[in-house]
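Asks: In this text, residue positions in the sequence shown follow the numbering used here: the first is 229, and each later residue adds one. This is the structure I have questions about; it appears just below.
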Amino acid sequence: QGERPQILNSDRISKNIVDVLKDSIIYNCESRIEMSEDGFYVPTGNGTEVAMLKFLQQNEIPAHELLVKRQREGEHECSIPFNSIRKRMTTVIRPYKGCDYVRVIVKGAPEYVMPMCTSTFTEDGEVRALGLGEGERILDNEIIHHFAKNGLRTLVYAYKDYDSDLWEMKQAENGNFVVEKDRE
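Next comes the structure, spelled out in structure tokens:
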């Protein structure tokens with residue numbers, strides 16, 4: 229397949245949306261990027277995650293550098309891996325060293341993630357509340373009808389920020405998420 233047009237570095241998508249999407253892909257990814265024999269950074273691992281890393285690369289986002297930075301900075305709080313029952317993966321990060329909140333990032337099947345969403349981005353990168361039935365309309369009309377029915381793999385990324393105190397309380401209430409992590 230030929231090169232796809234760049235969409236993330238265009239004037240049509242705000243920097244805020246690009247930053248959230250970039251973090252969502254990088255922090256909810258167990259795949260890696262290796263140097264090929266001919267000197268190119270090549271994603272390897274899970275096919276869907278590899279495709280998302282290639283998407284970043286095609287948009288001139290240094291996915292390899294971001295994965296290395298993710299490991300080096302250690303701002304990762306918690307992960308709940310994907311499983312066949314939940315149909316989603318959850319990762320909790322501190323977006324930058326010393327910040328007073330965490331970002332919970334979810335990647336998963338649209339029918340399992342969309343019902344939990346209460347807001348979306350506008351074209352200019354502002355967050356706005358989803359209207360009554362709007363999330364269901366997006367799921368049915370846009371995601372399922374336009375993508376899934378055409379045989380395309382669909383994923384939804386979602387996030388929510390929690391202040392540190394609330395996050396610590398949620399961890400304590402949920403046994404540091406260890407029980408959920410180990411359930412199948």
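The beta carbon of each residue, even a glycine, is placed where N, CA and C say it ideally should be. In this text, all values refer to a predicted model and were calculated from it rather than measured experimentally.
Have a look at Trp-395 and Phe-283 and give me their C-alpha separation to the nearest angstrom.
Replies: Using only the alpha carbons, I get a separation of about 31 Å.
Asks: Could you pull out every residue in the same chain whose Cβ sits closer than 7 Å to the Cβ of Ser-392, ignoring the five residues on either side in sequence?
Replies: Same-chain partners within the cutoff: Asp-328, Tyr-329, Val-330.
Asks: Taking Leu-295 and Arg-240 to be in contact with their CB atoms under 8 Å, please state how far apart those CB atoms are, rounded to whole angstroms.
Replies: Not a contact, Cβ separation roughly 26 Å.
Asks: If the criterion is Cβ atoms closer than 8 Å, does the pair Gly-353 and Ser-264 meet it?
Replies: No, they are not a contact pair.
Asks: Is the distance from the Cβ of Ser-347 to the Cβ of Val-334 below 8 Å?
Replies: Contact: no.
Asks: Need the endpoints of the alpha helix (DSSP H) that Met-263 sits in, please.
Replies: Where Met-263 is concerned, there is no enclosing alpha helix (DSSP H), although the beta strand (DSSP E) it sits in stretches over 260-263.
Asks: Kindly indicate which three-state DSSP category Lys-409 falls into: helix, strand or coil?
Replies: The predicted model places Lys-409 with a pLDDT of 42, which falls under 50 and marks its position as unreliable; any figure quoted below should be read in that light. Of the three classes helix, strand and coil, the one that applies to Lys-409 here is helix, per DSSP.
Asks: Between Gln-285, Met-344, Glu-303, which lies nearest to Ala-357 when the distance is taken from Cα to Cα?
Replies: Checked all of Gln-285, Met-344, Glu-303; the closest Cα to Ala-357 is Met-344.
Asks: By Cβ distance, which residues of its chain are closer than 7 Å to Val-341, with the 5 residues on each side in sequence left out?
Replies: Arg-316, Val-334, Val-384, Ala-386.
Asks: Does DSSP put Glu-354 in a helix, a strand or coil?
Replies: Note: Glu-354 maps to coil in three-state DSSP.
Asks: Going by beta carbon distance, what residues of the same chain come within less than 7 Å of Glu-262, once the five residues before and after it are set aside?
Replies: Answer for Glu-262: Val-270, Thr-272, listed in chain order.
Asks: What does a CB cutoff of less than 6 Å around Asn-244 pick up in its chain, not counting 5 residues either side in sequence?
Replies: These residues qualify, in order along the chain: Gly-353.
Asks: In terms of alpha-carbon separation, which member of Ala-291, Val-320, Gly-275, Ile-254 lies closest to Glu-305?
Replies: Checked all of Ala-291, Val-320, Gly-275, Ile-254; the closest Cα to Glu-305 is Val-320.
Asks: Buried or exposed: which applies to His-292, given that a residue is buried once 16 or more other Cβ atoms fall within 10 Å of its Cβ?
Replies: Buried, since its Cβ has 16 or more Cβ neighbours within 10 Å.
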